[in-house]
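S.K.:
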Amino acid sequence: MKVIAIDGSSSAGKGTLALKLAEELDYAYLDTGALYRGVGYELLQNGLDPQDEEAAVQVAKSLSVERMLSLQDDSCIRNEVCGKAASYVSRLPKVREALFDFQRRFALFPIKKDKTPAKGAILDGRDIGTVICPEAKIKLFLTASSEIRAKRRYKELQLKGLCVIYEDVLSDIIQRDKRDQERETAPLKPAEDALVIDTSDMTADDVYAQVIAYIKERI
Ligand code: DC
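My numbering numbers the first residue of the sequence shown as 1 and each following residue consecutively.
(1) Using C-beta distances below 8 Å, list every residue in its chain close to R218, excluding the 5 sequence neighbours before and after it, in chain order.
(2) From the DSSP output, in three-state form, read off T143 for me.
(3) On a Cα-Cα basis, can you pick out the residue from D26, R179, E156 that is closest to D114?
(4) Is Y214 near the ligand DC, with its Cβ less than 8 Å from a heavy atom?
(5) My output table needs one value for P117: the three-state DSSP class, helix, strand or coil.
(6) According to DSSP, what are the bridge partners of L123?
(7) I'd like to confirm something about R152: is its beta-carbon nearer than 8 Å to some heavy atom of the ligand DC, or not?
(8) Do L99 and A144 come within 9 Å of each other at the CB atom, strictly closer than that value?
(9) Give a single yes or no on whether K139 has its beta carbon closer than 8 Å to a heavy atom of the ligand DC.
(10) Can you tell me which of the three DSSP states L69 falls into?
(11) Rounded to whole angstroms, how far is the Cβ of I132 from the Cβ of R104, which I believe are closer than 8 Å?
(12) Which runs of the beta strand (DSSP E) spanning at least 3 residues fall entirely within the stretch 130-213, listed in chain order?
(13) Under the criterion of a Cβ to heavy atom distance below 8 Å, does Y29 qualify as lining the ligand DC?
(14) What do you reckon, is the C-beta of I132 under 8 Å from a heavy atom of the ligand DC?
(15) Would you grab the beta carbon distance between S10 and R176 for me? Rounded to a whole angstrom, and I think it's under 8 Å.
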């Protein structure tokens with residue numbers, strides 16, 4: 001199994017790093033947060049409550065492989081409402097169970113966007129190194145202070161033309177971290193053998209340079 005597991009809190013730089021690594025190494029990339037966002041999105045679209053366990057499990061089980069593969073490119077799930085719904089559904093053990101096989105299969109048989117097989121897989125999320133691929137040889141865990149992450153998120157939202165208040169973004173990040181870290185199933189925490197990187201004072205290029213050197217030493 002050639003897998004790079006990238007876990008960490010939101011806006012710590014996981015996605016940017018994963019995309020760069022996937023391009024450099026010719027690996028397939030799966031943003032697993034998009035799966036939870038997808039479940040949240042479907043629930044909201046159907047007027048259902050993201051905290052309704054039965055409905056959430058049903059939606060998670062109903063997602064086709066095609067839909068799961070396409071979710072990470074679906075702009076409809078990239079908003080704060082879907083993010084919040086995702087953070088509720090991701091607390092539900094049966095939802096996590098329903099999404100497990102797809103993630104595992106992607107790691108074992110990675111396919112690129114053009115549907116051709118890839119040399120390996122990069123998965124990012126919260127539990128890749130601990131639950132989905134505990135045997136991955138490369139495990140990374142990205143963190144950054146909540147203030148820095150809120151500033152990054154605030155800038156991103158502003159660039160999208162959205163009118164947001166920094167204090168709201170910060171409080172949302174703090175609440176989401178709390179839900180991710182305190183849930184009973186697959187809480188956000190670094191695997192024992194993960195390389196932990198605090199990206200607070202690093203640029204995306206700094207993070208990439210450190211990680212690619214670390215990977216090249218190992219594969
Ligand atoms: O990374 P993101 O913001 O797109 O993730 C959305 C939510 O899904 C977030 O609250 C954490 C959760 N999540 C998770 O529990 N496990 C994963 N592997 C990925 C995301």
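Glycine included, C-beta positions come from ideal geometry on N, C-alpha and C.
M.R.: According to the structure data:
(1) Along the sequence shown, read from residue 1 onward, the residue named residue 218 stands at position 218. These residues qualify, in order along the chain: K137, I138.
(2) Counting from one through the sequence shown, the residue named residue 143 turns up at place 143. DSSP places T143 in strand when its eight states are reduced to three.
(3) Locating residue 114 in the sequence shown gives position 114, where the first residue counts as 1. The shortest Cα separation from D114 among D26, R179, E156 belongs to D26.
(4) Residue 214 sits at position 214 when you count from the first residue of the sequence shown. No.
(5) Residue 117 sits at position 117 when you count from the first residue of the sequence shown. Three-state DSSP puts P117 in a strand.
(6) Looking up residue 123 in the sequence shown gives position 123. DSSP, once it has assigned bridges, lists A5, L30 as partnering L123.
(7) One-based indexing of the sequence shown puts residue 152 at position 152. No, Cβ of R152 sits at least 8 Å from all heavy atoms of the ligand DC.
(8) Here residue 144 refers to the residue found at position 144 of the sequence shown. Here residue 99 refers to the residue found at position 99 of the sequence shown. No, Cβ-Cβ distance for A144 and L99 is not below 9 Å.
(9) Taking the sequence shown and counting its residues from 1, one reaches residue 139 at position 139. No; taking the cut-off as 8 Å, the Cβ of K139 has no heavy atom of the ligand DC nearer than that.
(10) On the sequence shown, position 69 is the one that residue 69 refers to. The answer is helix: DSSP assigns L69 an H, G or I state.
(11) Indexing the sequence shown from 1 puts residue 132 at position 132. Indexing the sequence shown from 1 puts residue 104 at position 104. Indeed, because the Cβ distance is near 6 Å, the residues count as touching under 8 Å.
(12) 138-143, 195-198
(13) As a position in the sequence shown, residue 29 is number 29, starting the count at 1. Because no heavy atom of the ligand DC lies under 8 Å away, the Cβ of Y29 does not count as near it: no.
(14) Taking the sequence shown and counting its residues from 1, one reaches residue 132 at position 132. The answer is yes for I132.
(15) On the sequence shown, residue 10 is found 10 positions in, with the first residue counted as 1. On the sequence shown, residue 176 is found 176 positions in, with the first residue counted as 1. The Cβ separation is near 6 Å, so the contact holds.
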